[in-house]
Structures are given as C-alpha cells and as structure tokens.
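Scroll down for the structure; my scribbles are underneath it.
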Amino acid sequence: MTRPTATLIETGIANIASVAAAFGRCGLDVTTTQDADVARRSGLLVLPGVGAFDAGMRSLDRLGMLEMLRERAERDAPLLAVCLGMQLLGSASDESPGVEGLGIIDAKAGAFDPSVRAPQMGWNQIRPDRECTFLTPGYAYFANSFRFTTTPAGWRSALADHGGSFVAAIERGKTLACQFHPELSGPWGLALLHRWIEKSLEAAPC
Amino acid sequence: MLTRRLIPCLDVRDGRVVKGVRFAGLRDAGDPVEQATRYERAGADELVMLDVSATPDGRGTALETVRALRAVLSIPLTVGGGVRKIDDALALLRAGADKVGINTAAVDDPETIRTLSTQVGAQCVVLAIDAARSAEDDRWVVVTRSGTNRTPLDAVEWARRGESLGAGEILLTSWDRDGTHSGYDLELLDAVCSSVRIPVIASGGASSAAHMAEAIEAGADAVLAASIFHDNKTTVCEIKNQLAACGVEVRR
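Sequence order for the protein chains is A and B. Our numbering numbers the first residue of the first sequence as 3 and each following residue consecutively. Our numbering numbers the first residue of the second sequence as 95 and each following residue consecutively.
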C-alpha cells in the first residue's frame, strides 16, 4: 500500500522546508507543485506562505491557482492553509490595500494593535470553539503581523490574544486555516496535522 | 497572551557544537542533532544555530547540519553566522531554517536587510547585533566580524534602522557579557527594547533563570543561552519552571 501524499503549493515566496518535514514526520510522502492541475487532483492540499499579501496573491494568480482553490473549498476537498496562506483565503488585507484575496473566508486581515510587538513572534495559547473538529486548546507558534478578528458564519474558530482577541485558526468541513505554524508548534502541532490528515483521508473517495 | 521564549543556542563549527568565551577558545560540546532533540523535548521554544565555521568547507557542513536539524525539529530554527550575501540566506532557508540571522553583511550593506525582507518576508529576517559598551561615552557600539571589528555605529540607532529596513526581529548580544555568566546587559536591553516595535531576543551572559527574568523585565521578548545548558548543569525544563515561579509567562 502506498503512503498518502501531501501536496504543497510552491508559490516561490514561501519557505516550505519546515512544512514538508512535518508532513514527513506524520508518515506522509510530500510533493511540491506549481501546477494547478496537480493541486486540483491532490488528496491533501497545503497552501503555505510567508511574506506579503500582494506577492502571495500575485503568485497564486500567475500559477493559475485562484479558481482551483475556490472550487476546492466549494466542494470541501481537504485544504490546509498556513499563516499567510490563511490570510490569502480571506477577502482582503490591510497589508496590501486594494488587492483582493481568494474570498473563501469572508474576513479581512488587519494589523495588530500598536500597543503590542509586531510581528507577533512566539507561542500563544489558543482557545477553540467547543464545536471545532480539528482544533484543540494548546500553545501554537505564531510569526505574523496581520490577522483576522472575526469568524464568518459557517466557520468554527480558535481565538488567541495579542493586543486584543484575534482568530488563531478557522475550520469548515475539511478546510483548515491556521494563522500559526502547526509545523513549528511541537507535538501539539503535529497532533493537529494528524487529525486533519485522518479526517481528510477517511472521507476521500477510493 | 504571547509567552516569553527560551531559546537555547547551538554554536556549530564543522558539524559539532562548540562553546567559547567571547567567540574564542572554542571547545567541543557535542552533536547538534542530539542536543537539539534534547532541547526540544525539554520544552525549548525555539532554537538558534550559529555557524562559527571559519572556512567555506565549514559552511557547506552547516547546510548539512541545518537539513539534519530540520528533519527532527518541530519548533522554529533560526540560523546565522555564515550569511555573507542574499544567496547564503536563501540556501539556509531552503535547507530548513525558518529564519536567518544577518550581522556583518547587514552592517557592510544595510540594503541587504531590505532585499532579503522583501524576498522572504520580515518574519524570516533576524538582525543579529553584537553590541559593546563604548569606552568613550555612555552608549553601545556595534561590533562585527565575530567581535574583531568595532564600528562607529550606535547599537540602538542601528536596531531602529534595521527595523525600518525590514528586519522582523533583533538578536541582541552583549559583547561585554557573552560567555561571562554575569547576566545580560540590562541597560542595553532596555535601550533597544524601548526603541523598536519588533521583538528582541536577549543574548550574552546568562547563567541562571534569575538573569533571564531580569532580561524579560527589561523588555526582552525572548532569552537566549548556550553554555548553561551544556554539561547538563541545568535543563530547559528546570529553567522554565524557575521562570514561571518568577511570574514569567512561559509555555509549559
């Protein structure tokens, strides 16, 4: 029996070595792609991302990934978005005014309150809704300057606090978007990846 | 709320962990992967690996070490020490570093910070500043080339400039305190922490949890230490328990 494969979208702006290594530790094969068809067909799709919002959107547009990602979320095919990847699923970001996001999550990313350090760098305690499927309480590792503060209808979220409450992660069906880095969040983060992988695989057609 | 980070530092030369005082007198202190694994299990929040190799061969070995560390680590890894140009930084990130520390290269050409930050994001760019108390006046100057070169740059101003150029974090090492076990330079920390918005990692001089609690009180977001974890004098877990007892919010 072949091992399941996690497919990582390589936007060219993200450092994906840590994400790849984490899925490897979860017992998966890992492939990276810039091909929208490969991404569309993949069982487990991961949108990582660090860097700026406009560069991320430009990169996805150039690779022809925008419709593929919207359609994937629509049919609830497994999708994990990490850090900037989560913000790209949103509608816009104050980081890049005028640039449209994917619009999968109806929320706009804004900057942290000026009273706190930015980027938020380090471990913060997250508090999930009781109804969350994947998210559990724990410490998660963040490295971000922008974040959502609202949870749109139809989504479940986990909140954390940094100069006010913000959305640490959000989930709906088999879509999981984390503002933090599960791949850098120790055993707790790996357990989260395991839950997403298991639920995604169990629902996948043979 | 965001917890304060405890960051063990591995000074690595030719694939081995070493430790010296003020960047000199290096002695062997073990295998990096073995030590890193032990630190993560004991609750390290992050790791810094400083490549103190002196040769191009050593740099190649450092990339190998980064790959080996990445394969086992589920916490963030910052790598610095050998970054002379943008390509060095990109190679480290591709090998599995989550952040890269730049020091001398940034002093020689500050635009390096901006270029790197634009390419990989501010979150990946750590400006490493080695600061020494000025003999002439009441301030700190930046030292480079592993402490062999004193620049006229004011350390606090340089931190501010680094932030405006796109650094996402500052690793602030007191050249006077490094390896001395006499505690962090708290005045230096206070001066830098109150001048920038990006997080600051305190480095140089720690030998106890009390020193770390003082640094956090002075404004540090994270504390870095190397030698106190060598030779099993204490563990990351013990230090974190002591920090918590001092009222510091830590991940446990």
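Yeah, the Cβ is synthetic: ideal placement off N, Cα and C, and Gly gets one too.
Note on the segment 229-288 of chain B: whole beta strand (DSSP E) runs with a minimum of 3 residues are 234-238, 243-248, 263-268, in chain order. In this structure, the beta-carbon distance from C331/B to G137/B falls below 9 Å. The shortest CA-to-CA distance from L141/B to any of A123/B, S147/B, R135/B, A130/B is the one to A130/B.
Here A171/A is near A142/A, since their CB atoms are less than 9 Å apart. Under DSSP, F144/A forms a beta bridge with G124/A. Considering only beta carbons, the part of the segment 190-215 of chain B lying closer than 7 Å to chain A consists of G190, D192, V214, G215, in chain order. As the crow flies, the alpha-carbon of S228/B is around 58 Å from that of A75/A. L210/B has its alpha-carbon roughly 26 Å from the corresponding atom of A226/B. Identification of residues in the segment 89-122 of chain A having a C-beta nearer than 9 Å to some C-beta of chain B yields P116, V118, R119, A120, P121, Q122, given in sequence order. For Q217/B, at least one C-beta of chain A is nearer than 9 Å to its own C-beta. C-alpha of G53/A to C-alpha of V250/B: approximately 26 Å in a straight line.
Looking at the DSSP output, D122/B bridges to V112/B. Its Cα nearest to that of V48/A, the residue L91/A stands out among G165/A, L91/A, D163/A, W157/A.
Beta-bridge annotation (DSSP): S297/B is paired with T267/B. Contact residues of the segment 159-175 of chain A toward chain B are D163, H164 (C-beta to C-beta distance below 7 Å). With its beta carbon at least 9 Å from every one in chain A, L157/B lies outside the interface. With the criterion set as a beta carbon lying under 9 Å from some beta carbon of chain A, the segment 243-261 of chain B has no members that meet it. The beta carbons of A319/B and V290/B sit about 22 Å from each other, so the pair does not count as a contact at 8 Å. Listed along the chain, the chain B residues whose CB falls inside 9 Å of the CB of L192/A are S168. Linking D122/B to S117/A through their CA atoms gives a straight-line distance of about 44 Å. Per DSSP, the continuous beta strand (DSSP E) segment holding R107/B begins and ends at 99-107. In the structure shown, R158/A adopts extended strand secondary structure according to DSSP, grouped into three states.
Each residue's CA atom was taken as its position, placing I223/B and S240/B some 11 Å apart.
If the five residues before and after G66/A are omitted, its C-beta is found closer than 8 Å to the C-beta atoms of A38, all from its own chain and listed in chain order. Under the Cβ distance rule, P139/A does not count among the residues neighbouring chain B, no pair being separated by less than 9 Å. Going by beta carbons, V160/B and V177/B fall outside the 9 Å limit. In this structure, L337/B is the residue among N326/B, I322/B, T328/B, L337/B with its C-alpha nearest to the C-alpha of A309/B. Pairing D96/A with P204/B, the inter-Cα distance amounts to about 27 Å. Within the same chain, and ignoring the five residues on either side of H196/A in sequence, the residues whose Cβ sits closer than 7 Å to its Cβ are C28. With contacts defined as CB atoms closer than 9 Å, D279/B and G298/B qualify as a contacting pair. For P189/A, the chain B residues whose C-beta falls within less than 8 Å of its own C-beta are S168, listed in chain order.
Cβ contact annotation for V21/A (same chain, cutoff 7 Å, sequence separation greater than five): L10, V48, P50, V84, E185, in chain order. The beta carbon of S288/B is closer than 8 Å to those of G313 in its chain, skipping five residues each way along the sequence. The C-beta of N146/A has 16 or more other C-beta atoms within 10 Å across all chains shown, which makes the residue buried. Around the beta carbon of E173/A, 16 or more other beta carbons sit within 10 angstroms, so the residue counts as buried.
The beta carbon of R271/B does not come within 9 Å of any beta carbon belonging to chain A, so the residue lies off that interface.
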